[in-house]
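So the structure is just underneath, and the comments pick up after that.
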Amino acid sequence: RHWLDMRLRAAPPMARGGWIEIETTHASDALVDDTLPDRVAGWWSTDVRLGWAGRMRGAALSPFIAVNNVFDRRYVGSVVINASRGRYYEPAPGRNVYFGVSVGPER
6 RHWLDMRLRA
16 APPMARGGWI
26 EIETTHASDA
36 LVDDTLPDRV
46 AGWWSTDVRL
56 GWAGRMRGAA
66 LSPFIAVNNV
76 FDRRYVGSVV
86 INASRGRYYE
96 PAPGRNVYFG
106 VSVGPER
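If you want this note's numbering, it's the position in the sequence shown, counting the first as 1, plus 5.
What follows is the structure in structure tokens.
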């Protein structure tokens with residue numbers, strides 16, 4: 006019924022291109038079947054990303070590291086409404102870390 010997604014990003018000048026982003030998402034409980042009172046529980050999840058945006062050798066460079074589901078909450082990642090044999094729920098992954106880099110032409 007309800008979905009809330011909030012994101013806060015900070016890139017203070019003293020960080021020299023560094024930034025941090027915190028995102029938290031909430032979903033309320035929801036029915037999973039048109040004819041039965043089965044529900045998926047509401048949930049919260051928080052993600053944190055740290056990165057740097059700058060230039061190197063004539064290219065825009067932005068490496069980052071991220072932690073999804075920081076508090077390692079157990080929740081349903083997606084729901085298949087009216088699924089056969091009651092297989093409505095697909096679990097979300099637990100806490101996980103990933104790295105990445107974005108490279109492009111200098112702006």
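Cβ atoms here follow ideal geometry from the backbone N, Cα and C, with glycine treated the same way. Note that the coordinates shown come from a computational prediction; the quantities given were computed from them, not determined experimentally.
Where residue i falls: helix, strand or coil (DSSP)
i, result
"R12", "strand"
"S107", "strand"
"R113", "Outside the modelled stretch of the chain, which goes from 6 to 112, sits residue 113, for which no answer is possible."
"A71", "strand"
"S89", "helix"
"A65", "strand"
"A20", "helix"
"Y80", "coil"
"H31", "strand"
"T40", "coil"
"R54", "strand"
"P98", "coil"
Spatially closest choice to residue i from the options, by CA coordinates
i, options, result
"H31", "A46, D39, P18", "A46"
"N52", "E111, D34, V106, R100", "Reading the sequence as shown, one finds Asp at residue 52 and not Asn. Comparing Cα positions, the closest option is R100."
"R14", "P110, W57, V37, R78", "W57"
"M11", "G23, R21, E28", "E28"
Burial state of residue i (16 or more Cβ within 10 Å)
i, result
"S50", "buried"
"Y103", "exposed"
"V85", "exposed"
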